[in-house]
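> One structure, as structure tokens, below. Some questions next.
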């Protein structure tokens with residue numbers, strides 16, 4: 853099952869439409885997750901393989917945990933260097949510290965490639 857992730861623009865429109873009706877803010881019942889991205893990567897690697905919702909929940913928890921660890925370590929590094937902004941350099945160092953050997957090398961190279969692609973498209 854593929855869950856639908858709302859974009860911020862769509863959520864903003866939905867909230868403002870609901871506010872116009874009631875005149876007060878509403879709580880959004882949608883949950884953001886990595887399930888769409890996990891599913892896309894799974895299909896790139898194994899076309900004929902599916903994933904259960906329980907396994908998708910585990911993958912989502914794993915990715916949330918990894919994100920929080922990298923962000924926390926990057927924040928700590930920024931504080932050590934007396935910076936108030938987390939830059940790609942802090943994130944890269946955090947990845948090198950948290951991930952083992954070859955996995956860190958591949959992550960850093962993919963991240964560098966992605967940041968270069970993003971800055972060149974601006």
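Numbering (the working numbering), first residue to last: 853 to 974.
For glycine and all other residues, C-beta sits at the position ideal for the given N, C-alpha and C.
Computed from a predicted structure; not experimentally measured.
(1) Give the C-beta separation of residue 893 and residue 922 to the nearest angstrom, bearing in mind that I take them to be a contact with Cβ-Cβ under 8 Å.
(2) Have a look at residue 898 and residue 889 and give me their C-alpha separation to the nearest angstrom.
(3) For residue 917, which three-state DSSP category applies?
(4) Restricting to Cα atoms, I'd like to know which of 970, 962, 887 is closest to residue 905.
(5) When DSSP labels each residue in this structure, what does residue 856 get in the three-state scheme?
(6) Going by DSSP in three states, residue 892 sits in which element: helix, strand or coil?
Let me lay it out:
(1) For a cut-off of 8 Å, the C-beta gap from residue 893 to residue 922 is around 18 Å, too long to register as a contact.
(2) Answer to the nearest angstrom: the Cα atoms are 14 Å apart.
(3) Assignment of residue 917 by DSSP, reduced to helix, strand and coil, places it in the helix class.
(4) The candidate whose alpha carbon is nearest that of residue 905 is 887.
(5) Note that residue 856 has pLDDT 43, beneath the 50 cutoff, so the model's placement of it is unreliable and the number below is only indicative. Three-state result, residue 856: coil.
(6) In this structure, residue 892 counts as helix in the three-state DSSP scheme.
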